[in-house]
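So that you can map any letter, position 67 of the sequence shown is 196 in the working numbering, and since no number is skipped, the others follow by simple counting. Backbone N, C-alpha and C fix where the C-beta goes; we use that ideal spot for every residue, glycine too.
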Amino acid sequence: MEREICIRCGGEMVHIGQEHLQMGKYGWILGGLDNLISGALTVDIYCCRKCKKLEFYAVEPPEEETEDSIARTPCPYCGQLHEMDDAKCPYCGKRLY
Ligand SMILES: [Zn+2]
Ligand SMILES: [Zn+2]
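The structure is reproduced here in structure tokens:
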């Protein structure tokens, strides 16, 4: 997406900052967006130097890191974490269980 050029006059768009918007309060600025996103929304705000038009760009919320779902247990011999269903410890090679 081209962010630096004003769609109205072709002037330079300047990044002003980020704002955390409550959709209930500022929904009118972003029009239909509040149908897609509920609750608060973080936006990048750009302003045209020539015509002072403001542009808002929704900032994608950072994706939550998925926790490693494999259960891990410490080796009774060397103490290193390894997968629960390992037959042998991958670190010290001792047979487990
Ligand atoms: Zn402009
Ligand atoms: Zn071990």
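Sequence-distant residues of its chain with Cβ nearer than 7 angstroms to residue i (five each side left out)
i: Gly-146; result: Ile-174
i: Cys-135; result: Met-142, Cys-177, Lys-179, Cys-180, Lys-182
Cβ-based neighbour list, residue i, same chain, cut-off 6 angstroms, excluding 5 preceding and 5 following
i: Thr-202; result: Met-213
i: Cys-221; result: Tyr-206, Cys-207
i: Arg-137; result: Cys-180, Lys-182
Three-state secondary structure (DSSP) of residue i
i: Lys-217; result: strand
i: Tyr-186; result: strand
i: Ile-145; result: strand
i: Cys-138; result: coil
i: Arg-224; result: strand
Residues near residue i by beta carbon distance below 8 angstroms, same chain, minus five either side
i: Thr-171; result: Gln-147, Glu-148, His-149, Leu-150, Ala-187, Val-188, Pro-190
i: Gly-140; result: Ile-134, Cys-177, Arg-178, Lys-179, Cys-180
*Contact between the stretch 203-211 and the stretch 181-188 (3+ Cβ pairs under 8 angstroms)*: Remark: fewer than three beta-carbon pairs, one from each stretch, lie closer than 8 angstroms, so the stretch 203-211 and the stretch 181-188 are not flagged as touching.
*asked:* Give the residues whose C-beta lies closer than 6 angstroms to at least one heavy atom of ligand 4, in chain order.
replied: Ligands displayed in this structure: ligand 1 and ligand 2; ligand 4 is not among them.
*Residues proximal to ligand 2 by C-beta, any heavy atom closer than 6 angstroms*: Those residues, listed in chain order, are Cys-204, Tyr-206, Cys-207, Gln-209, Cys-218, Tyr-220, Cys-221, Lys-223.
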